[in-house]
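Visitor: Take this structure, written in structure tokens, and hold onto it; I'll ask about it next.
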Amino acid sequence: MSTESEILFNKFKESGFKILVDKFSDEIISAKKIAETLIDTIPNTHHMYDEPSNVFTPNKINTYNNE
Numbered sequence: 252m253s254t255e256s257e258i259l260f261n262k263f264k265e266s267g268f269k270i271l272v273d274k275f276s277d278e279i280i281s282a283k284k285i286a287e288t289l290i291d292t293i294p295n296t297h298h299m300y301d302e303p304s305n306v307f308t309p310n311k312i313n314t315y316n317n318e
């Protein structure tokens, strides 16, 4: 078990999750690795829209045109 995992498990144990750590340590390590992979591979989608009110169109509506 890596030092990082040991630190994580110690924090869980201190928080009262000792039984979960004892029974599901392999699953916790796998879930942590999957979460880190997803964070690295999924792009940030917060920049897809220019502003929150622009829900129905991905392009910014030009409010300065006189049409």
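Counting from 252, one number per residue, gives the positions in the sequence shown under our numbering. Glycine included, every Cβ here is placed at the ideal spot set by N, Cα and C.
Give the straight-line distance between the Cα atoms of Phe260 and Ile290, rounded to the nearest whole angstrom.
Guide: When rounded, the distance between both Cα atoms is 21 Å.
Visitor: Helix, strand or coil, according to DSSP, for Ile293 in the structure here?
Guide: Coil at Ile293, not helix or strand.
Visitor: Look at the alpha carbon of Lys284 and the alpha carbon of Ser256, and state the distance between them as a whole number of angstroms.
Guide: Straight-line Cα distance between these residues: approximately 11 Å.
Visitor: Note down the Cα distance separating Glu287 from Glu265, rounded to an integer number of angstroms.
Guide: Cα-Cα distance, rounded: 23 Å.
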